[in-house]
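Everything in the sequence shown is counted per the working numbering, starting at 70 for the first residue and increasing by one.
In this text, a Cβ means the ideal position worked out from N, Cα and C, and glycines have one as well.
Please read all numbers here as calculations on a predicted model, not as lab measurements.
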Amino acid sequence: MIHGFSGATRLARQMKNILSEEKYFLPALFSAALALRLAYVLRSGQQNLSPDAYVWMETAWSIASGNGFGGSWRPPGFAFFLAGIFSLTGKSVLAVQLTQCLLGSFTVVFTAVTAKRIFGRATGLLSGALVCFYPYLLAYTRDPISETFLTFMLSAAILRIVIAAQRPSARNYAFAGVLMGLTGLTKSTTLPFFLLACGWLWWQTGKFRSGLIAGLFVLLSIAPWTFRNSIFYGGSYVMPVSTPWQSFYGASCDEALWQETAGAFDRPMDSKMTEPAIPKDWEQLRSLPVPERDRLCREKALAWIKANPDKFYYLLHRRFMHFWRLYPMMAYKWQKYAAMATSGLYIPLAAVGFFLSYRRFKDTSLFAALFASYTLVHIFFVTTLRYRVPLDPYLIILAASAIVAGIERLKPANGH
């Protein structure tokens, strides 16, 4: 019995040593993340998709069928990603889900490597393990909406930014800039962060050209789409990536107050629940050409803000609180419990980790810039918790750093 126990102990120790080496751990982490996501996708099926999923797939199928992107107000990145899959497999939801399983698994690995480069090996290993099982990232794998793709692109871009800071070279700056630009084409709300990231590179390297080269390649990556939009709208209208004005109007009106004052529900949001939050002239505005629609929506939104500054500031406050809630307001109870058991712990721990790493502020300021810019942009629009999901891997990194710091402080001194 004793020999059997000691043998099991040695085997466990050997497994621990193997998995703690990155050349074994990262492939094992990727395999575990992929297996988990495949099991979830195959078990949950292709039904009951988000309403947004059908809009994305409609645009993507138009591209894959040769009818083009058209005048959609959405950014092009995810639509063209879906179109690439559809052109190979037909309009297959399963093909999208399987591809997103791969992207989600790479996101786990990219997060682990980023954490290791900033905080060290222990935080990198723990961050990867926590992100692997994070419910939000897992849940969106099955849905053909942009969150999984955007989180993957953002994780790749941030990893390359960190590498460019630690290994300064024109090639690394350019590579980081291209990934930033492509991520901006996936969701334009990331662009303010990437502007700050270029400044961060300058600060890290002490070389102005690092931020300049990265910034130039961001612009070069976006320029073809901007040029396309200029041609599509007859040269009279410039839209660099996507247009925010109708969304801004929908978030700056009396109806928008309902969204932030309706309270909590023990079921997910559906179309009937959102009807009170939609302006009366919404469909009429949607039918207008984009240049005219943008002009009217901008005028309506700014006029409402000028007439109702107190309501506007109230909405900004409520959206800030909504964006950083520990659990969703409209979800089943079990989903709220799952959120509280994960993000409900990670967000407070991330705050602790950020303060404990004050000596690393030059490095962690990249995450601070991400959180601040992303929050500031989103509070001007209708906010849901899923818009925060691309930030969650970096909250988990900071949370993991707090856990590792706590373990290190609890270790007895001098090996006792």
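- When secondary structure is reduced to three states using DSSP, Phe-334 falls in the strand class.
- Here the alpha carbons of Ala-191 and Leu-111 stand approximately 33 Å from one another.
- In the DSSP annotation of this structure, Phe-138 is not part of any alpha helix (DSSP H), being labelled neither H nor E.
- Going by beta carbons, Ala-370 and Phe-450 fall outside the 7 Å limit.
- Where Val-165 is concerned, the enclosing alpha helix (DSSP H) starts and stops at 162-188.
- Proximity to Arg-336 across Arg-388, Gly-284, Thr-295, Met-398 peaks at Met-398, based on C-alpha coordinates.
- Inclusion of Gly-146 and Thr-295 in the CB contact set at 7 Å is not warranted, their separation being larger than that value.
- Setting aside the 5 residues that flank it on each side, Arg-186 is surrounded in the same chain by Val-231, each with a C-beta closer than 6 Å to its C-beta; the list follows chain order.
- Burial is judged here by how many other beta carbons sit within 10 angstroms of a residue's own beta carbon; Ala-400 has at least 16 and is buried.
- Runs of alpha helix (DSSP H) with 4 or more residues, each lying fully within the region 235-305, are found at 239-255, 260-274, 277-301, listed in chain order.
- Secondary-structure assignment with DSSP links Met-399 through a beta bridge to Phe-334.
- A Cβ-Cβ separation of about 10 Å leaves Leu-98 out of contact with Gly-193 under the 8 Å criterion.
- If you draw a straight line from the Cα of Tyr-302 to the Cα of Leu-460, it comes to about 34 Å.
- Closest option to Asp-212, judged by alpha-carbon separation, among Leu-439, Thr-452, Ala-471, Gln-115: Gln-115.
- Counting along the chain, the unbroken alpha helix (DSSP H) around Phe-392 starts and ends at 378-392.
- By the Cβ-count criterion, Tyr-427 is exposed, with fewer than 16 other Cβ atoms from all chains shown falling within 10 Å of its own Cβ.
- Look at Val-451 here: in three-state DSSP terms it is coil, with no helix or strand label.
- 7 Å or more divides the Cβ of Leu-248 from the Cβ of Ala-233.
- Counting only runs of 3 or more residues that sit fully inside the region 195-226, no beta strand (DSSP E) segment turns up.
- Within the model, the alpha-carbon separation for Glu-352 versus Glu-344 is close to 12 Å.
- The beta carbons of Ala-152 and Ile-132 sit closer together than 7 Å.
- DSSP places Tyr-318 inside the alpha helix (DSSP H), whose first and last residues are 314-319.
- Within the same chain, Cβ atoms closer than 7 Å to the Cβ of Met-409 are found at Leu-395, Tyr-396, the five residues on either side in sequence being excluded.
- Counting every other CB atom within 10 Å of its CB across the protein chains shown gives Asp-363 a total of 16 or more, marking it as buried.
- For a cut-off of 8 Å, the C-beta gap from Tyr-415 to Ala-468 is around 4 Å, short enough to register as a contact.
- Taking a contact to require three or more Cβ pairs closer than 8 Å, the region 266-273 and the region 434-443 qualify as touching.
- DSSP places Met-409 within a helical segment (H, G or I) once states are collapsed to three.
- Assignment of Leu-354 by DSSP, reduced to helix, strand and coil, places it in the helix class.
- Within the same chain, Cys-267 come within 6 Å of Gly-284 by CB-CB distance, once the 5 residues on both sides are set aside.
- Under the 10 Å beta carbon count, Asn-298 is surrounded by 16 or more other beta carbons and is classified as buried.
- Rounded to the nearest whole angstrom, the C-alpha separation of Gln-169 and Asn-377 is 43 Å.
- In the assembly as shown, His-386 is an exposed residue. Its beta-carbon has fewer than 16 other beta-carbons within 10 Å.
- No Cβ-Cβ contact shorter than 7 Å links Ile-465 with Leu-207.
- Taking a contact as a CB-CB distance under 8 Å, the pair Ile-291 and Pro-309 counts as one, their CB atoms being some 6 Å apart.
- In the displayed model, Gln-115 falls within coil according to three-state DSSP, outside both helix and strand.
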